[in-house]
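In what follows, a single structure is set out as structure tokens and then discussed.
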Amino acid sequence: MIDVSTPPAPQRNRPLLGAKRVYKANTKHIPVLATLVLLIVMYSVGVYNYDGFGDTQVLLNVFVDNAFLLVVAVGMTYVILTGGIDLSVGAVIALTTTVAATLLEAGWSAAVVLPVALLIGTVMGLGMGCVIHFFKVEPFIATLAGMFLARGLSLLINRNSIPITNDFWTQMAQKRFRFDDGVFISLNVVIAVIVVVIAALVLAWTRFGRNIYAIGGNADSALLMGLPVGRTRIAVYTFSGFCASLGGVLYSFYTSSGYSLHGQGLELDAIAAVVIGGVLLTGGSGYVLGTVLGVLVLGLIQTIITFQGDLNSWWTRIVVGILLFAFIVLQRLVTRKAK
Amino acid sequence: MTNLLRHRLFWPIAVLVVLLASNLVFSNNFFTITLQDGHLYGSLIDILRRSAPLVLVALGMTLVISTGGIDLSVGSVMAISGALACLLIGDLSNPDAVGPVLLVVGLAIALCLVFGLWNGFLVAVLGIQPIIATLILMVAGRGVAQLITDGQILNVRSEPYRVIGAGYFLAVPVSFLIAAAAVALTVALTRRTALGLLLESVGGSPTASRLAGIRARRITIMVYVFAAAFAGVAGLIYSSDVSSADSNAAGNLIELNAILAVVLGGTALTGGRFSIAGSVLGAVIITTLDITAVSVGVPVETTLLFKAIVVIILCLAQSATFRAKVFGRFSAKRTVPA
Numbered sequence: 505m506i507d508v509s510t511p512p513a514p515q516r517n518r519p520l521l522g523a524k525r526v527y528k529a530n531t532k533h534i535p536v537l538a539t540l541v542l543l544i545v546m547y548s549v550g551v552y553n554y555d556g557f558g559d560t561q562v563l564l565n566v567f568v569d570n571a572f573l574l575v576v577a578v579g580m581t582y583v584i585l586t587g588g589i590d591l592s593v594g595a596v597i598a599l600t601t602t603v604a605a606t607l608l609e610a611g612w613s614a615a616v617v618l619p620v621a622l623l624i625g626t627v628m629g630l631g632m633g634c635v636i637h638f639f640k641v642e643p644f645i646a647t648l649a650g651m652f653l654a655r656g657l658s659l660l661i662n663r664n665s666i667p668i669t670n671d672f673w674t675q676m677a678q679k680r681f682r683f684d685d686g687v688f689i690s691l692n693v694v695i696a697v698i699v700v701v702i703a704a705l706v707l708a709w710t711r712f713g714r715n716i717y718a719i720g721g722n723a724d725s726a727l728l729m730g731l732p733v734g735r736t737r738i739a740v741y742t743f744s745g746f747c748a749s750l751g752g753v754l755y756s757f758y759t760s761s762g763y764s765l766h767g768q769g770l771e772l773d774a775i776a777a778v779v780i781g782g783v784l785l786t787g788g789s790g791y792v793l794g795t796v797l798g799v800l801v802l803g804l805i806q807t808i809i810t811f812q813g814d815l816n817s818w819w820t821r822i823v824v825g826i827l828l829f830a831f832i833v834l835q836r837l838v839t840r841k842a843k
Numbered sequence: 011m012t013n014l015l016r017h018r019l020f021w022p023i024a025v026l027v028v029l030l031a032s033n034l035v036f037s038n039n040f041f042t043i044t045l046q047d048g049h050l051y052g053s054l055i056d057i058l059r060r061s062a063p064l065v066l067v068a069l070g071m072t073l074v075i076s077t078g079g080i081d082l083s084v085g086s087v088m089a090i091s092g093a094l095a096c097l098l099i100g101d102l103s104n105p106d107a108v109g110p111v112l113l114v115v116g117l118a119i120a121l122c123l124v125f126g127l128w129n130g131f132l133v134a135v136l137g138i139q140p141i142i143a144t145l146i147l148m149v150a151g152r153g154v155a156q157l158i159t160d161g162q163i164l165n166v167r168s169e170p171y172r173v174i175g176a177g178y179f180l181a182v183p184v185s186f187l188i189a190a191a192a193v194a195l196t197v198a199l200t201r202r203t204a205l206g207l208l209l210e211s212v213g214g215s216p217t218a219s220r221l222a223g224i225r226a227r228r229i230t231i232m233v234y235v236f237a238a239a240f241a242g243v244a245g246l247i248y249s250s251d252v253s254s255a256d257s258n259a260a261g262n263l264i265e266l267n268a269i270l271a272v273v274l275g276g277t278a279l280t281g282g283r284f285s286i287a288g289s290v291l292g293a294v295i296i297t298t299l300d301i302t303a304v305s306v307g308v309p310v311e312t313t314l315l316f317k318a319i320v321v322i323i324l325c326l327a328q329s330a331t332f333r334a335k336v337f338g339r340f341s342a343k344r345t346v347p348a
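Note that the protein sequences, when read in sequence, are chains B and H. Residue numbers for the first sequence follow this note's numbering, so the first one is 505 and each next one is one higher. Residue numbers for the second sequence follow this note's numbering, so the first one is 11 and each next one is one higher.
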């Protein structure tokens, strides 16, 4: 019964997610693996150079501080996988926190405010998706308009930072899941992880996920194959809008405030995380797990700069730029080889 | 052709007229231009002076967009050029000497040319999507600017440098003259030589242009160099006007405003066609919008909402009816597909 001659190769090539769909497993995993290696190298360098860097809590704090970015980046991953882009996410976060804070200040119940807050981004995403699909407006411009709209609306509602004192909100903000003495994660992390897991599973194992990859690969082919291109595309922007709103709610937990200037430049962080995570910007290739690694890389850069002490925050930008460059060139080489 | 051109610029002009007219109603003395100390003063002059940086950036953006690209890094390039100029002028022994200041200005623009080459290299040689290629410099560039100024706001006192952004020549603002010269140069280059045609050809199809013997790669690199140089000059004007280099505020969101100006002016983002007059008009409209908001007394945030609505309307107008017309005519004229 035992066939000794069977090569073990397929086992080794097995991808982490979506095994059946991937034919060139090795090339498709190189960007994600590169990010993973980079992450490990960065972490090791940190542990080696700084006292206390190896504490579990330091790593967990990267999650605690970036939970909202993780959620937003997951939505962005979906959009970029279809070959689009969503510039409105930062502004949607601002609008969500502003609306939530304003309504809570006016004495609304949290049970009403929370769904309303989540609906804001979802509706905006739906609207942008419809404009992109039905009117063939470029995603870049449609979401740019969405960005102006969301930022303008939140500025119109209130220009100032509004503190949130609602009981439910403070409870959620202070909720901690403790594993050990001094080792904990916040509720935001739990929510973010749930979003990541669901998004990864949907992308890997559902028809919807497969359609996303198909559209990103070649939208015309997908259409000719009879795939619901329009519906999928609109759903993807709606999902990204929802993620941005959820990110906004997490951000309002994190900062206990609503402010029209929250989340400035966050869309670029999210895009950077997605790119560093190895998702191809032309669409069609990449994994949610890669995005998670991308967010961790950004978070670790921040942590290392904090530990270093004498490096200023603007180094973050430069390092992120260099990393972006490295990964894009890597992607370029990988896709050229694949051709 | 002239008919089409008039049609394309009709709405931008109408918007500008409406904006100016609303100023006539809401604010006094809006159209009064007075001569004080040999300088022209007035809201209209102010609009000309303040729109100079955006006009410059929009010019570069128009060239880039005409090749089907986009340049997100212009704001960061503005910040870098202002930062470098202010740093070097701060080191001068005599900041009021004209020669050294000119040298500094030249150095700052030269650095911007390098950044333009870098963008062009990424797009044309490595073949990276323009949005992403320029995103790198957009993210890193502000960091570089902050590195140059050490995270501080650098203040400079230099009379010759101040002239660039806040000075007057023959009673006319110098920044306006610089912008006008840049517009004239661009128009001359693109409409008096074959360059404009080549740009539109590359925007239409880089591959077809290359096969037709056009050096598409070189032209693509060139437009990014132009965009960066214009952005650098805009950065000098901005920092000279406020006599300081602020790495965070300089050129903040200007890339989006410039793209908006180009779209307002009737240039399609898909490339292959461009209107310099339209972009200049678009930039002036945006500046007028901002100044009008202040003079009328409405909160600044309303302008953002207004911009959003204008973009949405323009996009829909461009896509639904405009495109249908173009495609309809295209298929009616040529029955045989290429």
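Where is the CB? At the ideal position from N, CA and C, for every residue including glycine.
Which one or two residues does DSSP pair with residue i in a beta bridge?
| i | result |
| --- | --- |
| B/I666 | B/G762 |
| H/T44 | H/Y51 |
| H/N165 | H/S254 |
| H/F179 | H/V182 |
For residue i, return the contacting residues in chain B, with the cut-off set at a CB-CB distance below 7 Å.
| i | result |
| --- | --- |
| H/L34 | In chain order: nothing, as chain B lies at least about 25 Å away. |
| H/Q6 | This structure leaves residue 6 of chain H out entirely; chain H is present only between 11 and 348. |
| H/I322 | A649 |
| H/L266 | L648 |
For residue i, which residues in chain B fall below 8 Å Cβ to Cβ?
| i | result |
| --- | --- |
| H/R152 | W818 and R821 |
| H/I295 | Here the premise fails: no neighbours, minimum Cβ distance about 15 Å. |
| H/V273 | I645 |
Tell me the rounded alpha-carbon separation between residue i and residue j.
| i | j | result |
| --- | --- | --- |
| H/A150 | B/T581 | 22 Å |
| B/Y527 | H/T217 | The predicted model places B/Y527 with a pLDDT of 49, which falls under 50 and marks its position as unreliable, so this point remains unresolved. |
| H/L205 | H/L199 | 6 Å |
| H/S289 | H/G307 | 27 Å |
| H/A89 | H/G161 | 12 Å |
| B/S613 | B/Y741 | 29 Å |
| H/L221 | H/R227 | 12 Å |
| B/Q561 | B/V687 | 5 Å |
| H/G70 | B/G713 | 40 Å |
| H/F332 | H/W21 | At H/F332 the pLDDT is 49, less than 50, meaning the model places this residue with poor confidence; the figure from the coordinates comes in the next sentence. Going from the Cα of H/F332 to the Cα of H/W21 covers about 13 Å. |
| B/F652 | B/L772 | 15 Å |
| H/I286 | B/V792 | 42 Å |
| B/A529 | B/G790 | With a pLDDT of 49 at B/A529, under the threshold of 50, the modelled position of this residue cannot be trusted; read the value that follows with caution. Cα-Cα distance, rounded: 11 Å. |
| B/A703 | H/G175 | 51 Å |
| H/G33 | H/F316 | First, the amino acid is wrong: residue 33 of chain H is Asn here, not Gly. Going from the Cα of H/N33 to the Cα of H/F316 covers about 16 Å. |
| H/V273 | H/L279 | 7 Å |
| B/A513 | B/H533 | Low confidence applies to B/A513: its pLDDT is 49, below 50, so where it sits in the model is not reliable enough to give any reading. |
| H/L29 | H/T302 | 7 Å |
| B/P643 | B/L834 | 25 Å |
Report the neighbours of residue i on chain H: residues whose CB is nearer than 8 Å to its CB, in chain order.
| i | result |
| --- | --- |
| B/G825 | I146, L147, V149, A150, G151 and G153 |
CB residue i to CB residue j, shorter than 8 Å?
| i | j | result |
| --- | --- | --- |
| H/G85 | H/N262 | yes |
| B/T601 | B/S756 | yes |
| B/G782 | B/T539 | yes |
| B/I597 | B/A748 | yes |
| B/A726 | B/V733 | yes |
| H/S219 | H/S53 | no |
| H/A237 | H/V74 | yes |
| B/F557 | B/F811 | yes |
| B/I636 | H/L145 | no |
| H/A95 | H/A118 | yes |
| H/L2 | H/V243 | The requested residue 2 of chain H is not part of the displayed model; chain H covers only 11 to 348. |
| B/L750 | B/L591 | no |
Find the residues of chain D that neighbour residue i, judging by a C-beta separation of less than 7 Å, and give them in chain order.
| i | result |
| --- | --- |
| H/A318 | Absent from the structure is chain D; the protein chains it does hold are B and H. |
What residues of chain B sit near residue i, judged by a beta carbon separation below 9 Å?
| i | result |
| --- | --- |
| H/T312 | G656, L659 and L660 |
| H/L112 | Simply none; closest approach about 29 Å. |
| H/L279 | E642, F644 and I645 |
| H/L29 | Correct list: empty, because the minimum Cβ distance to chain B is about 17 Å. |
If the cut is a Cβ gap below 9 Å, which residues of chain H does residue i touch?
| i | result |
| --- | --- |
| B/L828 | I142, L145, I146, V149 and A150 |
| B/V833 | L132, L136 and I138 |
Compute every distance between the C-beta of residue i and the non-hydrogen atoms of the ligand ZN, then say whether any falls below 7 Å.
| i | result |
| --- | --- |
| H/A259 | Of the ligands one can find in the structure shown there are none, so the ligand ZN has no counterpart to examine. |
Original post:
Along the segment 640-656 of chain B, what residues have a CB closer than 9 Å to any CB found in chain H?
Top reply: K640, V641, E642, F644, I645, A646, L648, A649, G650, M651, F652, L653, A654, R655 and G656
Original post:
Between the segment 752-786 of chain B and chain H, which residues of the former have a C-beta closer than 8 Å to a C-beta of the latter?
Top reply: S764, L772, I775, A776, V779, L785 and T786
Original post:
Closer than 7 Å, Cβ to any Cβ of chain B: which residues of the segment 65-79 of chain H, in chain order?
Top reply: none
Original post:
Going along the segment 159-188 of chain H in order, which residues come within less than 9 Å of chain B, judged by CB to CB distance?
Top reply: D160 and G161
Original post:
Which residues, in chain order, does the segment 93-104 of chain H contribute to contact with chain B at a C-beta distance below 9 Å?
Top reply: none
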